[in-house]
Structure formats: structure tokens, C-alpha cells
Amino acid sequence: MLTYNSKLIGTPILSVQAGGAIASIVAPVVNPDNLKILAFKLQGPIVNAANNILDVKSVREYSPLGLVIDDNDELIGPEDVVKIKEVLDLNFDLIGLKVETKKGSKLGKIIDFSLTSEDFTIQQIIVKRPTIKSFMDPELTIHRREIVEVTDYKVIVKDEEKVIKARAAKEDFVPNFVNPFRTHEPGFAPADTKTPADKDN
């Protein structure tokens, strides 16, 4: 299933061992070479410089309640995994990048992106159009297959006319595993079941 980066920010990290939320997502760590999320930057009461990263390989489940991991030991430091450190050192951020065609036509700036909850691969970028072009198409939804190149400053796509022009449809999660936070057990303290979207309503 698809979800959106904007829904990820603030998502709780739930530890089976702790029986509740131990941190929340600050930002994804995106590999610009293949547009996959390698890890998440975290914040929270038990988080410090030595354990503020969550490798996506440690995610047991992604559900409306949050990202479920086995225990606090799954959290790592920025230096602990070579590939994650290399991407962190790039200081790459997909949000805010300019989007252009191969011919140099300016399409706008990235304001969001969608990804699969199974393998955290980015599927679409959501582009806010420049003012002069925004009357007909306020936003563009561009599939990853249309992307030719990603640089530090911009994303280059094939052709403006071939880009899918539609607002991104929001989709709900469907859990893939049994969620230990759905039932109440003696001595078990379930985390807050409200998602960031719920709390805004």
C-alpha cells in the first residue's frame, strides 16, 4: 500500500518490549541513487545522538498505530551502518527540490512523495506548480518511472506531457502482520492509537 511522507512525520515508533511508543519520526533518510528510504531520523525521551536512527530493516510492521519494532536496541547511531552514514553525509532532502524536464521546462518544486509501506520505495513525487502554471494544474503527481536523474538541486523527468497530472489520492494502511498493540493484556500499556492525521481532526 502507498503512504505519504507528510503522514510519516511524527509517526510513533512502537516497541514490543517497552509496550508502547518510544520515539517518533522526524524525517526519512532517502537514498538519491534509487529513491528508497534507508532509515528514519527519530526524536523522543529515550533518543540521543547514539540512538536517533531507525534502519527500515528493523521495522516489524507499519500500521495506523505506527512503526512496530521488537525493542529499543533496534535504534542505532548515525555511524553504525556504513550505507546509512554515507547517505546521511550527503544531507540529501527530496522535499523542496526543483523539478524540470530534460528540455529544461520548469515544472515546480517537490512538496511531498508517496512510498510503498512494504519496502519503503518512493513511487511518486508530488510537485507544486509555479504560479503561472498552477491555474490548470496546481499539483503534478509524477511516477518514478518518469524520473531520469536526481541531483543535489533538482529532479529531471522525461517529458511534461507524459507526466501524470492529478492530485495524489490518500490511501490508508493495511497491516501486514499481527499487531501486538491491538489487544490489552495484563501489564501491557498500549500506545496512543491516534495517528497524526486523527489528531488534526
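In my numbering, the protein residues as written are 130 to 330. A virtual CB, placed ideally from N, CA and C, is assigned to each residue, including glycine. In this text, all values refer to a predicted model and were calculated from it rather than measured experimentally.
Query raised in the report: Considering only residues of the same chain and omitting the five flanking positions on each side of Asn201, which have a CB-CB separation below 8 Å?
Result: Ser144, Gln146, Ala147, Ile151, Ile175 and Asn180
Query - Helix, strand or coil at Ile224 [DSSP, three-state] - result: coil
**Report entry** Length of the line joining the Cα atoms of Ala168 and Leu204
**Finding:** 10 Å
Query raised in the report: Should Gly225 be labelled buried (16 or more other beta-carbon atoms within 10 Å of its own) or exposed?
Result: exposed
Query raised in the report: Starting from Lys212 and walking both ways along the alpha helix (DSSP H), at which residues does that stretch end?
Result: Val211 to Leu219
Query raised in the report: In whole angstroms, what separates the C-alpha of Pro259 from that of Ile239?
Result: 11 Å
Report task. Please report how far the alpha carbon of Thr270 lies from the alpha carbon of Leu223, in whole angstroms. Result -> 14 Å
Report task. Kindly examine the ligand HEM and report whether one of its heavy atoms sits closer than 7 Å to the Cβ of Val216. Result -> Absence of the ligand HEM from the depicted structure is noted, as is the absence of any ligand whatsoever, leaving it without description.
Query raised in the report: Assuming Gly139 contacts Ala178 under a Cβ cut-off of 8 Å, what Cβ separation, rounded to an integer in Å, is found between them?
Result: Gly139 to Ala178, Cβ: 21 Å. No contact.
Query raised in the report: Which same chain residues, not among the five before or five after Gly237, have their C-beta less than 7 Å away from its C-beta?
Result: Val228, Val256, Lys257, Arg258, Pro259 and Leu269
Query raised in the report: What's the gap between the Cα of Val159 and the Cα of Phe221?
Result: 7 Å
Report task. Determine the DSSP secondary structure at Ser135, reduced to helix, strand or coil. Result -> helix
Query raised in the report: Roughly how many angstroms lie between the CA atoms of Ile166 and Ile142, to the nearest whole one?
Result: 16 Å
Query raised in the report: When you compare only the Cα positions, how much space is there between Ser135 and Phe242?
Result: 8 Å
Report task. Identify, in the order they occur along the chain, each residue of the same chain with its Cβ nearer than 7 Å to the Cβ of Ser187, setting aside the five sequence neighbours on each side. Result -> Ile198 and Glu203
Report task. Quick one: using the 10 Å Cβ neighbour count with 16 as the cut-off for buried, is Gly233 buried or exposed? Result -> exposed
Query raised in the report: For Lys231, which option in Leu196, Val284 and Val185 has the closest C-alpha, if you only look at C-alpha atoms?
Result: Val284
Query raised in the report: What separation, rounded to the nearest whole angstrom, lies between the Cα atoms of Val154 and Leu194?
Result: Contrary to the premise, residue 154 reads as Ile rather than Val in this sequence. Using only the alpha carbons, I get a separation of about 13 Å.
Query - Beta-carbon contacts of Val211 that lie in its chain and below 6 Å, excluding the five residues immediately before and after - result: none
Query - Option nearest Leu217 by Cα separation, candidates Ile251, Thr250, Leu244 and Asp162 - result: Asp162
Requested in this report: Identify the continuous beta strand (DSSP E) that holds Asp241 and give its terminal residues.
Outcome: Lys235 to Thr245
Requested in this report: Mind checking who Tyr282 pairs with in its DSSP beta bridge?
Outcome: None; Tyr282 has no bridge partner.
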